[in-house]
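What follows is one structure encoded as structure tokens, with my remarks underneath.
Residue numbers (my numbering), protein chains in the order written: chain A, 1 to 237; chain H, 1001 to 1245.
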């Protein structure tokens, strides 16, 4: 077998396995995004809230979740939730065996916690960049709070937050690689398995890097388009 | 086990791990800073043969996970074992410490180069023109005018990179190194005590908070002309607060 045929598809090649890993990586990132954004909105809301306790909570959450390594967060979630689940399970049924949290779910939760903290800060900045006069104008016109949010705040938050959120999305794609450590069959772990069988580590890890690189470059291209669209009609200084 | 008891029992090991974490990330940041200086100048060059390779380098190392990069260096080197042995470099790639260090250096150089590029672009044109009018050579211009100002502009963003690399260095534990994360995982494997993760998280938080403090202090030190101006304070705190890029 020559150097490159191991990358082919079918029974001898590892191309299809790597591709399935790439799909898991994409699934993980795409599942995390809405959850992480939801946490981000909640955290931004808490940080800007009128209640001092909510503000304190928002600040504590962002400080902690951004200051702890992503890998440690992953282990905290993976082992922590498994322990709580098992304790609950034992309590309900003393004879139950050991249940393990699926690495995919643990990955989604851990990455959402991290994404939520970072996007919370981005969204907070976007909320603060809103022109208060516009919201007052909305109130003067008798708009409901929901209408104010939908027609005045949201379209502009989208524009202000998009560059920051775009960076976070690329970071998220890269952070998914960490979940391979708790045995999720993502791109990096499938590469590890292929390396074990073929003994061509450099070739395969280079291909894995190329896969992530491709996702990053594609994301950047899409984000540039979204940004151009979000800023249509904005006068340039 | 009681959370405090586990701390008295395993605390010294955790501190040992934290020391390795600081060594790894500190060394990598220092070497990266040395490399980033000439590379950011090359990145800003109008000559494509100078700037294009740097652009591709930055894009690759910022567009791929550091864990994949670490595997590429640590495991990937095995594919060239005979060649590396022939040039007497195998000792370097056999040692996980050097592999992690090399990966972190390559990674942080890419980030620091891009941040410094932003700083260089932020230097007012008038300063460069004035330096040219004085008859300064390009070397002198960069040494005395452009780079000092570029570093001041990029300083808050470089602080973010320090924290990002420190957190990122936790992956060293995957290649058998006993940094703070590695020690934590080893202790958990022995004791099955969950509180050790919480202690490790607290230690990481403590380190990042100290770095944020030091960085803020340094920022006022290197910007003497900005001291005691209230308007500058929110800028610095905001830059640290949005530690995302």
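Ideal Cβ positions, reconstructed from N, Cα and C, are used throughout, including at glycine.
Note that the structure is predicted; figures quoted are calculated from it, not measured.
Against residue i, what residues of chain A qualify as contacts under a CB-to-CB distance less than 8 Å, listed in chain order?
i	result
residue 1249/H	Residue 1249/H falls outside the range modelled here, since chain H spans only 1001 to 1245, and no answer is possible.
residue 1197/H	72, 75, 76, 79 and 80
residue 1023/H	The premise fails here: residue 1023/H is roughly 16 Å from chain A at the closest Cβ pair, so nothing lies under 8 Å.
Excluding the 5 residues flanking residue i on each side, which residues of the same chain have their C-beta closer than 6 Å to its C-beta?
i	result
residue 173/A	29 and 215
residue 1159/H	1215
residue 164/A	122
residue 220/A	none
residue 229/A	none
Please classify residue i: is it buried, with 16 or more other beta-carbons within 10 angstroms of its beta-carbon, or exposed?
i	result
residue 190/A	buried
residue 1201/H	buried
residue 1107/H	buried
residue 1238/H	Its pLDDT being 49, under 50, residue 1238/H is placed unreliably in this model, and the value from its coordinates should be taken loosely. Counting Cβ neighbours within 10 Å, residue 1238/H comes out exposed, since fewer than 16 surround it.
residue 1199/H	buried
residue 5/A	exposed
residue 1167/H	buried
residue 14/A	buried
residue 1183/H	buried
residue 84/A	exposed
residue 144/A	exposed
residue 1056/H	exposed
residue 66/A	buried
residue 1043/H	buried
residue 1172/H	buried
residue 203/A	buried
residue 1093/H	buried
residue 1010/H	buried
residue 175/A	buried
residue 1243/H	Its pLDDT being 47, under 50, residue 1243/H is placed unreliably in this model, and the coordinates cannot settle the point.
residue 1179/H	buried
residue 186/A	buried
residue 1213/H	exposed
residue 1134/H	exposed
Report the neighbours of residue i on chain A: residues whose CB is nearer than 7 Å to its CB, in chain order.
i	result
residue 1171/H	71
residue 1174/H	181
residue 1060/H	213
Here's a check: name, in chain order, each residue in its chain whose Cβ is nearer than 7 Å to the Cβ of residue i, leaving out the five neighbours to either side.
i	result
residue 100/A	82
residue 1032/H	1105, 1108, 1109 and 1112
residue 8/A	15
residue 1028/H	1101, 1104, 1105, 1108 and 1165
residue 98/A	86
residue 41/A	123
residue 1119/H	1150, 1151, 1153 and 1154
By the criterion of Cβ-Cβ separation under 8 Å, what are the contact partners of residue i in chain H?
i	result
residue 88/A	Near residue 88/A there are no residues of chain H at all, since even the closest Cβ is about 15 Å away, more than 8 Å.
residue 23/A	Simply none; closest approach about 17 Å.
residue 83/A	1194
residue 60/A	By Cβ distance, chain H contributes nothing, its closest Cβ being about 11 Å from residue 60/A, past 8 Å.
residue 64/A	1201 and 1205
For residue i, which residues from the same chain have a beta carbon less than 8 Å from its beta carbon, with the 5 sequence-adjacent residues on both sides left out?
i	result
residue 197/A	14
residue 1141/H	1128, 1131 and 1132
residue 17/A	190, 193 and 194
Which bits of chain A does residue i rub up against, with CB to CB less than 9 Å?
i	result
residue 1181/H	69, 71, 72 and 75
residue 1080/H	202
Please list the partners that residue i has in chain H, where partner means a Cβ-to-Cβ separation under 7 Å.
i	result
residue 177/A	1065, 1067 and 1068
So residue i contacts chain H; which residues on that side make the cut at Cβ distance below 9 Å?
i	result
residue 161/A	Chain H residues near residue 161/A: none, gap ~11 Å exceeds 9 Å.
When every heavy atom of the ligand FMN is checked, does at least one fall within less than 7 Å of the C-beta of residue i?
i	result
residue 208/A	The ligand FMN is not part of the structure shown, which contains no ligands of any sort.
For this session: Check distances from the C-beta atoms of the segment 1062-1077 of chain H to those of chain A and list, in chain order, the residues that come in under 8 Å.
Result: 1062, 1063, 1064, 1065, 1066, 1067, 1068, 1069, 1071, 1072, 1075, 1076 and 1077
Exercise. Between the segment 1199-1212 of chain H and chain A, which residues of the former have a C-beta closer than 8 Å to a C-beta of the latter?
Worked result: 1200, 1201, 1204, 1205, 1208 and 1209
For this session: Run through the segment 1159-1241 of chain H for me and flag every whole alpha helix (DSSP H) of 4 or more residues, listed as ranges in chain order.
Result: 1180-1191, 1195-1222 and 1232-1241
Exercise. Just by C-beta distance, which residues in the segment 186-206 of chain A are closer than 9 Å to chain H?
Worked result: 187, 188, 191, 192, 195, 199, 200, 201, 202, 203, 204, 205 and 206
Exercise. Can you list the alpha helix (DSSP H) stretches of 4 or more residues lying completely in the segment 53-96 of chain A, in chain order?
Worked result: 70-92
Exercise. Which residues, in chain order, does the segment 207-224 of chain A contribute to contact with chain H at a C-beta distance below 7 Å?
Worked result: 208, 209, 212, 213, 216 and 217
Exercise. Which whole runs of the beta strand (DSSP E) in the segment 147-177 of chain A are 3 residues long or more, in chain order?
Worked result: none
For this session: Please go through the segment 14-51 of chain A and give each complete beta strand (DSSP E) segment of 3 or more residues, from N-terminal end onward.
Result: none
Problem set entry | Length at least 4, wholly inside the segment 1003-1051 of chain H: the alpha helix (DSSP H) runs in chain order | 1003-1043
Exercise. Any residues in the segment 142-154 of chain A with a beta carbon nearer than 8 Å to a beta carbon of chain H? Which ones, in chain order?
Worked result: none
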